[in-house]
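Visitor: Chains as they are written, first to last, in UniProt numbering: chain A, 1 to 487; chain B, 1 to 487; chain C, 1 to 487. My questions all concern the structure below.
Given below as structure tokens:
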């Protein structure tokens with residue numbers, strides 16, 4: 001702790017938020033690198049290549065509809081909406097950081113998905129014949145998934161970092177993701193269709209660790225900007241609802257064709273429905289007069305989708321999904337009420353969007369639920385073929401037992417946690433260097449630092465005349481309210 | 001009428017809007033009940049169960065793509081968006097009730113879909129072998145449909161009821177829906193793919209009857225809040241457009257595979273396009289200077305989708321769809337101009353969103369169009385097999401004639417009307433009891449009753465302290481800008 | 001130029017913005033005409049007709065899933081969202097023209113798609129047997145595509161024309177589109193899956209030419225309304241993101257089944273990702289302090305999707321897509337910075353949304369990329385069957401060489417340019433007639449002309465106290481403006 005503190009202090013020089021050189025440089029250099037690496041490594045796979053007709057004939061595929069595109073593309077588009085509109089708008093709740101929320105989300109995702117195609121390709125779909133990565137619709141979904149983990153991490157540091165820091169965070173985040181995903185899914189052979197462990201647990205602890213490393217003791221100076229206005233809360237509901245509605249597609253997007261996708265969608269649908277009720281119940285209970293808090297509605301209602309991620313394709317049973325959603329709605333809402341303030345005060349972790357409540361805890365719960373459900377699997381419930389199919393007990397893993405699988409699931413969860421926390425601390429150190437153009441403590445959560453703002457009354461009152469006008473207005477308004485009081 | 005009036009008066013005690021006990025209690029108890037009932041009754045169907053592989057082999061299904069999931073899931077997601085974003089945002093038009101619109105919509109739908117899965121399951125998909133309800137993607141669509149009828153009813157009472165009342169209204173609404181749906185579709189054997197009768201007519205009259213029972217003579221006290229502001233109207237357009245765009249999916253979601261879904265989508269697409277033009281025409285005609293009214297654009301443009309619901313899967317012909325849309329655009333807009341004020345003044349029915357114009361009248365028209373189209377069906381137009389397929393003239397109904405079917409359709413419409421009006425009156429009586437925490441007459445249409453509101457300028461400026469603060473702020477800011485100028 | 005100027009002057013009479021007769025008349029008459037023409041000409045095609053069962057049997061189609069509906073409907077819905085929400089909300093950025101943006105977009109699209117079904121039907125899908133146009137899901141996509149070109153044109157004249165002018169513009173736009181599409185795709189046999197030439201180049205130059213013909217020398221009088229406010233920029237991002245996310249569906253919607261659709265989606269996905277980075281880089285570079293400009297984020301990030309339209313279904317290769325996106329992000333952003341002001345100042349073309357940068361230049365680039373990629377195609381890359389399939393070297397064109405195809409592509413681009421510019425000039429002349437109810441120069445970009453606006457603070461203050469306050473404010477403001485004038 002001591003060395004971390006001293007490192008922190010050494011980094012605390014006066015801030016320069018001009019990113020005119022660094023941001024374009026990062027964008028251009030990295031994009032050019034992407035083009036070169038794509039040129040060397042990335043090709044279409046057999047289902048998206050013009051040789052598909054020959055492939056079809058030689059593999060005795062009767063119809064074009066058997067192309068994986070038709071199994072997964074609708075789900076891909078739903079996931080895509082979650083990444084760009086869902087995450088983007090969920091973070092617009094701050095009164096003066098909506099541009100940064102939706103704009104930087106766009107930037108991170110645009111870069112991250114390219115880098116993810118490469119990183120995941122090297123680990124998962126490198127063709128040994130020609131050393132090329134072959135991409136198709138499933139690769140695009142996986143790239144979007146990978147980006148999701150970085151966007152979750154963004155939630156913890158929203159408003160406190162520069163776009164350059166976000167790019168660095170994404171570069172390392174995607175890299176770490178690809179490695180942990182490879183370890184969890186391929187080496188350990190855990191199953192994680194909806195990414196409770198791989199995406200949510202990793203992403204959330206990665207973001208929280210970074211936020212811990214970037215802790216700002218004087219953030220109080222920007223406190224008046226950490227809040228919403230009426231319309232920004234409605235904008236955030238757009239994000240919430242698109243995440244909520246399309247979560248069944250998220251959890252089923254890369255499940256097995258047929259019953260796997262079907263079941264994953266049903267389980268997620270049910271879990272999310274239960275979460276809505278318990279979130280609202282706890283939110284109402286937590287206030288003296290039973291009023292609801294928009295923060296809970298915007299976030300905690302989604303916890304059920306996170307927590308059912310791993311087990312979504314298993315035979316969790318409809319009531320099992322409801323139970324998972326029921327518990328997560330409660331835990332997540334309580335997290336917003338008690339844990340987030342606690343973490344800020346005692347652990348020095350400031351978590352702007354409360355990702356600990358929405359992704360970290362439900363992600364861990366999802367991993368545990370997955371392990372239990374896997375360990376409890378039986379041939380009676382799944383059928384012999386169904387069991388082998390669902391858990392992919394094939395090839396090298398064909399003699400595996402469900403109980404063993406449960407252990408592997410638990411191991412996967414630990415790996416996700418380690419990568420998240422460890423990776424976050426290291427990347428957080430890098431991001432503390434005073435070269436990235438982040439805002440001073442009194443200018444956090446303010447779009448004015450990185451965006452040209454329209455000159456509307458609300459934000460740019462910068463002339464003397466205008467202030468005279470404001471003074472008059474204030475005087476008038478106090479008269480009005482005095483009059484009202486007298487009536 | 002007399003006894004209703006006296007019952008009304010007896011219920012009119014001073015209001016207590018604290019829902020801190022009642023709302024959490026209802027949410028928790030009902031959610032736990034759902035878990036227990038799901039545990040007892042609900043299982044995956046053969047297409048979402050892990051035994052699908054065996055089922056596929058034994059039923060000689062060649063490919064996973066034949067799973068109903070791939071026929072219906074994209075439509076399901078569109079319907080899902082309509083329910084949560086469409087209905088939710090359509091109601092955000094009120095200047096100070098956007099949280100309640102989108103938030104309570106979320107609550108109702110989250111509870112309603114669970115209860116609908118059970119109620120509809122008992123009537124439609126109870127497996128006689130094991131007494132279980134088997135659910136799949138079609139069940140999810142039907143549950144969303146059922147919820148739609150409750151959300152339509154919410155439109156009539158928007159801003160005037162408490163969340164607890166809404167939950168009660170949904171509980172009964174879903175129950176009534178399941179019964180009338182069973183009578184209309186199974187007993188009477190009417191066809192209603194897009195639910196003009198089952199969803200829209202029922203839902204609208206259910207809501208209007210409740211609104212009648214809950215009539216508030218002194219609602220004028222909240223009159224200044226029944227209106228929109230510029231941005232709330234733009235938010236409402238999000239709802240309008242998502243409803244409008246995805247209506248073809250709504251009407252085709254549970255139609256027959258193949259030509260049925262295809263035709264339903266085309267008919268709805270065309271009908272809605274025609275409605276846009278006539279709504280705008282009447283809206284412009286109704287104002288002295290030809291200005292358009294956002295209320296009409298937000299609502300009446302959707303009437304064509306409602307009215308083509310029943311007949312969407314029939315051979316209505318493209319021009320037939322246009323004619324339906326043409327008429328409904330006119331009727332619905334005229335409804336907003338003349339009928340809604342009339343109903344409020346003379347019938348004591350206050351209809352916040354004008355569901356009478358958007359759902360009730362077009363729903364009845366849809367039922368009539370369906371009856372006529374069915375009665376006019378012929379083997380020449382449909383083909384022998386096509387006729388049997390489209391109208392499901394199979395099994396017990398295999399000797400039915402199209403003209404008879406027309407009669408059955410008309411009978412279905414009457415059932416929907418009776419259930420809507422009758423059910424609404426009874427439920428309205430229950431909701432009048434002074435225990436539900438609804439707002440007093442001077443606090444309707446105000447989020448402040450049930451929501452923690454952000455402290456932004458727009459809504460809470462009325463204290464002296466605040467104005468002092470504003471004055472200080474203005475002074476400070478003028479100093480700042482003076483300093484800036486001097487630099 | 002001289003005669004154009006004098007024609008302009010002759011048209012410049014005092015403006016009457018009352019559209020109470022003209023708008024309803026146009027809507028009713030044209031909608032009735034549509035019904036009659038649909039009655040005469042339009043029928044279901046064999047996949048949406050009730051005879052599908054017989055068709056299936058006689059064509060040996062094994063499953064309902066082979067119906068084109070299941071190949072294209074998810075993409076159709078994505079395209080539909082782009083047309084109504086994407087284009088509609090992209091234009092809401094103006095502070096006081098959001099109703100007009102989203103409302104007139106709705107009107108244009110609602111009319112345009114009907115007229116497009118007819119026009120495109122006459123050219124492409126007229127059944128020689130019975131003289132009827134047979135429509136299905138592909139017709140709906142093509143109608144939406146056609147509408148897109150008119151909505152692009154609307155972007156250039158946003159805020160400066162009346163709804164009646166927009167209807168006239170759409171009537172001619174759709175007609176011209178159908179003819180140029182027929183020439184380019186059928187006569188010249190160019191390929192253009194994503195419509196870089198047919199939709200974007202044509203639509204943009206059509207709109208720019210109209211804007212040139214309608215040039216208003218005194219538009220400065222409305223200058224204060226050409227700008228955004230904070231929340232209107234967030235609304236516009238909804239449009240941007242839905243366009244961005246669903247563009248892969250746009251470019252793949254009518255590609256060949258199987259690998260064609262798959263590849264088009266991948267190419268578009270990659271191109272758009274690269275565009276985001278370079279747009280942001282140039283936007284940051286263009287400002288002294290590296291701040292980003294929302295105009296660039298909202299628009300230039302989409303240029304990659306336009307530019308990859310023609311070549312999306314070709315073997316452009318993933319790195320090729322990235323290169324296209326890379327270049328277009330740069331060019332489009334530079335366009336917003338340098339070319340739009342230049343065009344306004346020197347060419348007398350006022351382009352409200354900057355469609356020259358988003359559609360015209362990228363569209364032309366897309367046509368050129370398409371020509372080069374086609375000319376470079378080889379049997380090695382595509383396979384023999386793949387080459388014939390991708391470029392449709394069948395029937396009459398079976399001996400065509402890729403190099404020839406490249407020439408045909410280039411010819412197609414020229415046709416699109418000619419139709420756009422020529423058609424725009426002619427239609428612009430018609431729209432200059434002083435009978436269409438467009439706004440005077442000092443009332444452009446103002447919803448108040450054509451819409452009933454809600455009485456919110458910003459425009460219609462209601463109470464005495466408030467009016468006192470407003471009076472003070474007005475006094476202050478008049479002082480301000482006096483001071484400004486003195487400076």
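Beta carbons: idealized from backbone N, C-alpha and C, even for Gly. Values in this document were obtained by computation on a predicted structure and should not be read as measured data.
(1) If you draw a straight line from the C-alpha of residue 385(A) to the C-alpha of residue 54(B), how long is it?
(2) Between residue 218(B) and residue 441(B), what straight-line distance do the alpha-carbon atoms span, to the nearest angstrom?
(3) Among 64(C), 85(C), 431(C), 416(C), whose alpha-carbon lies nearest the alpha-carbon of residue 245(C)?
(4) Pick from 178(C), 166(C), 140(C): whose alpha carbon is nearest that of residue 120(C)?
(5) When DSSP labels each residue in this structure, what does residue 216(C) get in the three-state scheme?
(6) Comparing C-alpha positions only, which one of 426(B), 127(B), 452(B) sits nearest to residue 296(A)?
(7) Helix, strand or coil: how does DSSP classify residue 256(B) here?
(8) I'd like to know if the segment 275-285 of chain C and the segment 323-340 of chain C are in contact, where contact means that at least 3 CB-CB pairs between them fall below 8 angstroms.
(9) Could you spell out where the alpha helix (DSSP H) holding residue 154(A) opens and where it closes?
(10) Work out the CA separation of residue 103(A) and residue 280(C) for me, nearest whole Å.
(11) Apart from the five residues just before and just after residue 464(A), which ones in its own chain have a Cβ nearer than 8 angstroms to its Cβ?
(12) Closer than 9 angstroms, Cβ to Cβ, to anything on chain C: give me those residues from the segment 15-28 of chain A, in chain order.
(13) Residue 385(B) CB to nearest chain C CB: under 8 angstroms?
(14) Mark residue 401(A) as exposed unless 16 or more other C-beta atoms lie within 10 angstroms of its C-beta, in which case mark it buried.
(15) Name, please, each residue of chain A whose Cβ falls closer than 8 angstroms to the Cβ of residue 50(B).
(16) I want to know whether the segment 254-272 of chain B touches the segment 312-321 of chain B - three or more CB-CB distances under 8 angstroms.
(17) Which one of 360(B), 435(B), 170(B), 251(B) has the shortest CA to CA distance from residue 78(B)?
(18) When the Cα atoms are used, what is the spatial distance from residue 408(C) to residue 215(C)?
(19) In chain order, which beta strand (DSSP E) runs of at least 3 residues are fully inside the segment 300-380 of chain C?
(20) Between residue 383(C) and residue 399(C), what straight-line distance do the alpha-carbon atoms span, to the nearest angstrom?
(21) How is the beta strand (DSSP E) around residue 43(B) delimited, first residue to last?
(22) Buried or exposed: residue 347(C), going by 16 or more other Cβ atoms within 10 Å of its Cβ?
(23) For chain A, find out if any of its Cβ atoms is closer than 8 angstroms to the Cβ of residue 461(C); answer yes or no.
(24) Going by DSSP, which residues form a beta bridge with residue 127(A)?
(25) Under 7 angstroms between beta-carbons, which chain B residues line up against residue 362(A)? List them in chain order, please.
(26) Contact defined as beta carbons within less than 8 angstroms: I believe residue 93(A) pairs with residue 228(A). What is the distance between those atoms, to the nearest angstrom?
(27) Can you list, in chain order, the residues of its chain whose CB lies under 7 angstroms from that of residue 243(C), leaving out five sequence neighbours each side?
(28) At the level of alpha carbons, what is the spacing between residue 151(C) and residue 105(C)?
(29) Mind checking whether residue 180(C) and residue 202(C) have CB atoms under 8 angstroms apart?
(30) Going along chain C in order, which residues have a C-beta closer than 8 angstroms to the C-beta of residue 34(A)?
(31) So the candidates are 230(B), 248(B), 253(B); which of them puts its Cα closest to the Cα of residue 95(B)?
(32) Where DSSP assigns a beta bridge to residue 451(C), which residues make up the other side?
(33) Between residue 101(C) and residue 88(C), how many whole angstroms is the CB-CB distance? I'm expecting something under 8 angstroms.
(34) Based on Cα-Cα distance, which residue from 140(C), 191(C), 186(C), 206(C) lies nearest to residue 170(C)?
(35) Does the beta carbon of residue 114(A) sit closer than 8 angstroms to a beta carbon anywhere in chain B?
(36) Skipping 5 residues on each side, what residues in its chain have a beta carbon closer than 7 angstroms to that of residue 356(A)?
Guide: The short version:
(1) 8 angstroms
(2) 6 angstroms
(3) 85(C)
(4) 178(C)
(5) coil
(6) 452(B)
(7) coil
(8) yes
(9) 137-157
(10) 9 angstroms
(11) Because residue 464(A) carries a pLDDT of 36, less than 50, the predicted location of this residue cannot be relied on, and no value is offered for it.
(12) Cβ contacts with chain C come from 17, 18, 19, 20, 21, 22, 23, 24, 25, 26, 27, 28.
(13) yes
(14) Counting every other CB atom within 10 Å of its CB across the protein chains shown gives residue 401(A) a total below 16, marking it as exposed.
(15) 259, 263, 315, 381, 382, 383, 386, 387, 389, 390
(16) yes
(17) 251(B)
(18) 35 angstroms
(19) none
(20) 16 angstroms
(21) That run of the beta strand (DSSP E) goes 42-44.
(22) exposed
(23) The pLDDT assigned to residue 461(C) is 36, lower than 50, so where the model puts this residue is not dependable; a value taken from the coordinates is nonetheless given after this. It does not; no Cβ of chain A falls within 8 angstroms.
(24) 132(A)
(25) Neighbours of residue 362(A) on chain B: none; closest Cβ ~17 angstroms, over 7 angstroms.
(26) The Cβ separation is near 5 angstroms, so the contact holds.
(27) 82, 86, 90, 302
(28) Cα to Cα, residue 151(C) sits roughly 7 angstroms from residue 105(C).
(29) Yes; because the gap between Cβ atoms is below 8 angstroms, this pair is in contact.
(30) 274, 322
(31) Checking every option, the nearest Cα to that of residue 95(B) belongs to 230(B).
(32) 292(B)
(33) Going by Cβ atoms, the distance from residue 101(C) to residue 88(C) rounds to 6 angstroms, so yes, they are a contact pair.
(34) 206(C)
(35) no
(36) So the qualifying residues of the chain are 204, 208, 335, 339, 340, 343.
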